[in-house]
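Accompanying notes for the structure given below.
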Amino acid sequence: MATVNLSDYKPLHITNAEDFSIGIVFSEWNDFVTYNLRDAALEILEKEGVKPENIRLFPVPGAFELNYASMQLCKERKYDAVIAIGCVIRGETPHFDFVCSAVAQGIKDCNILTDTPTIFCVLTDDTKEQSIARSGGDLGNKGVEAAVTALRMIDFKKNLSEKKGNIGFGHL
3 MATVNLSDYK PLHITNAEDF SIGIVFSEWN DFVTYNLRDA ALEILEKEGV KPENIRLFPV
63 PGAFELNYAS MQLCKERKYD AVIAIGCVIR GETPHFDFVC SAVAQGIKDC NILTDTPTIF
123 CVLTDDTKEQ SIARSGGDLG NKGVEAAVTA LRMIDFKKNL SEKKGNIGFG HL
């Protein structure tokens, strides 16, 4: 079980965040969790300077559909990062294992096959209570972590381009 509050973060102070374009794909399945994750990510992105008009929201039916939607956004090359938000809660059948594995592989494929950082913000919990604890409950909100990760990866990519591969850049 996580022992860190996921909502604790230090402001990043990334320059030009207002110019970043971010796509957020979120599952409507288990919306009592995914909407909280989405809203926390939005709040952090805006706090860090990303303009609301540069953030696009894309609902999909379930976690499995995150792969298709995320890959399509990556292929458009309009977004500096994509955040994939979902929640899969273990049931009585192996369905949980298949969906979790497929979604993890699909998001990994976005990162390997495209030039767009794609952030995995999919809770894969054993119980509803664990998901609630990680989406605004006792353990904070994983959406905060996803937004911070997206911003850091955009900054990484921009610095890498500017420094042409030099190691040791950054100000975080």
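Count the sequence shown with this note's numbering and you get residues 3 to 174, in order.
Ideal Cβ positions, reconstructed from N, Cα and C, are used throughout, including at glycine.
Quick caveat: nothing in here was measured; it's all calculated off a predicted structure.
Any chain B beta carbon closer than 9 Å to residue i
i	result
L59	Annotation note: the requested chain B is absent from the structure, which comprises a single protein chain.
CB of residue i within 9 Å of CB of residue j, strictly
i	j	result
N50	I16	Inspection of the sequence shows that residue 50 is occupied by Glu rather than by Asn. Yes, they are a contact pair.
V150	I57	no
A148	I87	yes
T36	S72	no
I85	V52	no
N32	C89	yes
V27	L75	yes
L153	R136	no
Endpoints, alpha helix (DSSP H) assigned at residue i
i	result
T151	K144 to K165
E131	K130 to A135
For residue i, the three-state DSSP class (helix, strand or coil)
i	result
D99	helix
D111	helix
Per DSSP, cross-strand counterpart(s) of residue i
i	result
A86	V27 and F122
D127	I91
G139	G142
Which runs of the alpha helix (DSSP H) at least 4 residues long sit entirely within the segment 7 to 81? Give them in chain order. 33 to 49 and 68 to 78
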